[in-house]
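When you read off a place in the sequence shown, starting at 1, and then add 761, the result is the number in the numbering used here.
Beneath this line is the structure, given in structure tokens, with notes to follow.
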Amino acid sequence: NPDIFYPDSEENCEQALSICKTCEVRIACLNYALESREKQGVWGGASARERRKLLRTSRRSA
């Protein structure tokens with residue numbers, strides 16, 4: 762069910778994150794979400810909040 766990856770709040774994303782842990786394309790999925798600036802959902806084992814942090818950190822490093 763794709764809705765699992767779009768929880769109603771950041772706190773309700775445990776099920777999606779547990780699926781991502783064993784996914785073979787987790788890194789590619791996360792890279793896609795970061796490159797396309799996906800604003801919602803769980804992608805590559807990262808919530809929207811976690812992806813925003815990653816993007817801020819990478820901008821500071823650049």
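Note that beta-carbon positions come from the ideal geometry of N, C-alpha and C, so glycine has one too.
All of these numbers come straight from a predicted model, not from anything done at the bench.
My understanding is that Arg821 touches Leu795, with C-beta atoms under 8 Å, so please give their C-beta distance in whole angstroms. Locating residue 821 in the sequence shown gives position 60, counting from the first residue. Locating residue 795 in the sequence shown gives position 34, counting from the first residue. Actually they do not touch by this definition, with Cβ atoms about 15 Å apart.
Determine the burial state of Cys784: buried for a count of at least 16 other Cβ atoms within 10 Å of its Cβ, exposed for fewer. Taking the sequence shown and counting its residues from 1, one reaches residue 784 at position 23. Burial call: exposed.
Determine the direct distance from the alpha carbon of Gln776 to that of Lys800, and round the result to whole angstroms. Translated into the one-based positions of the sequence shown, residue 800 becomes position 39. Translated into the one-based positions of the sequence shown, residue 776 becomes position 15. The straight-line gap from Cα to Cα measures roughly 19 Å.
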